[in-house]
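Visitor: Let me begin by handing over the structure; questions about it come next.
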Amino acid sequence: MIKAKIAEIFSSVQGEGPYVGQVQTFVRFHGCNINCGYCDEARKDKFKEYSSQELIGAVIKENNKVVSLTGGEPLLYAGFLTEVLPYLKKKGFIVYLETNGILKNKLLEIIDFLDIISMDIKLPSSTGLGAYWKAHAGFLEEAVRKKVFVKAVITDKTSMSDIKKAVSVIKGINKDIFFILQPATINNKMQKIKSAGRFLNTANSALNNVRLIPQVHRILGLR
Ligand code: SF4
Numbered sequence: 007m008i009k010a011k012i013a014e015i016f017s018s019v020q021g022e023g024p025y026v027g028q029v030q031t032f033v034r035f036h037g038c039n040i041n042c043g044y045c046d047e048a049r050k051d052k053f054k055e056y057s058s059q060e061l062i063g064a065v066i067k068e069n070n071k072v073v074s075l076t077g078g079e080p081l082l083y084a085g086f087l088t089e090v091l092p093y094l095k096k097k098g099f100i101v102y103l104e105t106n107g108i109l110k111n112k113l114l115e116i117i118d119f120l121d122i123i124s125m126d127i128k129l130p131s132s133t134g135l136g137a138y139w140k141a142h143a144g145f146l147e148e149a150v151r152k153k154v155f156v157k158a159v160i161t162d163k164t165s166m167s168d169i170k171k172a173v174s175v176i177k178g179i180n181k182d183i184f185f186i187l188q189p190a191t192i193n194n195k196m197q198k199i200k201s202a203g204r205f206l207n208t209a210n211s212a213l214n215n216v217r218l219i220p221q222v223h224r225i226l227g228l229r
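Residue numbers (our numbering): 7 to 229.
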């Protein structure tokens with residue numbers, strides 16, 4: 007029987023992107039395939055192992071309409087999710103995936119059971135890592151089959167050229183896709199990004215649905 011490492015399961019308010027304010031059940035998977043410089047999750051090492059039946063039971067118990075698969079990187083558990091998601095869909099849950107937007111083949115294993123995809127574009131100047139432009143473009147080409155929006159975390163190190171590259175990845179697929187610029191929260195402090203206005207203007211000049219949205223759950227003091 008496949009088991010998944012899950013850091014926590016809890017109800018809270020979605021604090022990011024266009025669904026901000028919606029009550030969801032969060033299933034936070036343990037571990038990630040990359041290691042962003044601003045990440046406060048990938049380095050944590052507390053988790054519990056769940057079987058698919060145990061996870062289904064825990065989600066039903068939280069009793070919310072929307073279940074958010076978050077992490078870490080939930081797509082690392084695509085095989086496990088192929089056992090869980092068909093059942094949750096049959097029960098009428100709305101399934102929301104938060105992903106770093108890199109693992110396209112894993113996405114394809116579960117895309118039929120997803121409703122909403124919150125996909126990151128990882129800006130090298132924000133993450134301190136290499137670029138994933140090609141992987142992101144391939145991922146987004148598939149994700150558009152569902153309700154998808156793209157999110158990029160910005161820090162005071164984010165470069166304009168990375169914003170332009172992210173915009174061109176999205177524009178190459180559909181300029182109506184929502185693009186959210188999200189100021190990073192580092193050590194529980196939301197960063198003030200001096201260039202945020204310029205980033206917003208640049209993205210707005212090429213795309214139709216750009217927003218600057220901070221992590222609202224942090225402002226509200228929620229998880
Ligand atoms: S992709 Fe997300 S979970 Fe993974 S290291 Fe980056 S911020 Fe952390």
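Even glycine gets a Cβ: it sits at the ideal position worked out from N, Cα and C.
1) Who are the Cβ neighbours of E68 in its own chain at under 8 Å, not counting the five residues just before and after it?
2) Report whether the distance from the Cβ of I123 to the nearest heavy atom of the ligand SF4 is below 6 Å.
3) Is K6 near W139, with beta carbons less than 7 Å apart?
4) Any idea what DSSP makes of L82, helix, strand or coil?
5) Is it the case that the CB of E47 approaches a heavy atom of the ligand SF4 more closely than 6 Å?
6) Where do the N-terminal and C-terminal ends of the beta strand (DSSP E) with P189 fall, by residue?
7) Thinking C-alpha only, which one of K163, I122, I12 and D162 is nearest K54?
8) If you scan the stretch 105 to 145 from start to end, which runs of the beta strand (DSSP E) of 3 or more residues do you find wholly inside it?
9) So what does Y25 bridge to, in DSSP terms?
10) Can you name, in chain order, every residue of its own chain whose Cβ lies under 6 Å from the Cβ of G43, other than the five neighbours on each side?
11) For R34, which residues does DSSP report across the bridge?
12) DSSP three-state call for V150: helix, strand or coil?
13) For A137, which residues from the same chain have a beta carbon less than 6 Å from its beta carbon, with the 5 sequence-adjacent residues on both sides left out?
14) How would you write the range of the alpha helix (DSSP H) that S165 sits in, first residue to last?
15) So what does K157 bridge to, in DSSP terms?
Guide: Inspection of the coordinates gives the following:
1) I15, F16, S17 and T31
2) no
3) Nothing about residue 6 can be read from this structure; the chain reaches only from 7 to 229.
4) helix
5) yes
6) F184 to P189
7) I12
8) 122 to 126
9) In DSSP, Y25 forms no bridge with anything.
10) T133 and G134
11) E14 and T76
12) coil
13) P130
14) Here S165 belongs to no alpha helix (DSSP H), and DSSP marks it neither H nor E.
15) D126 and I186
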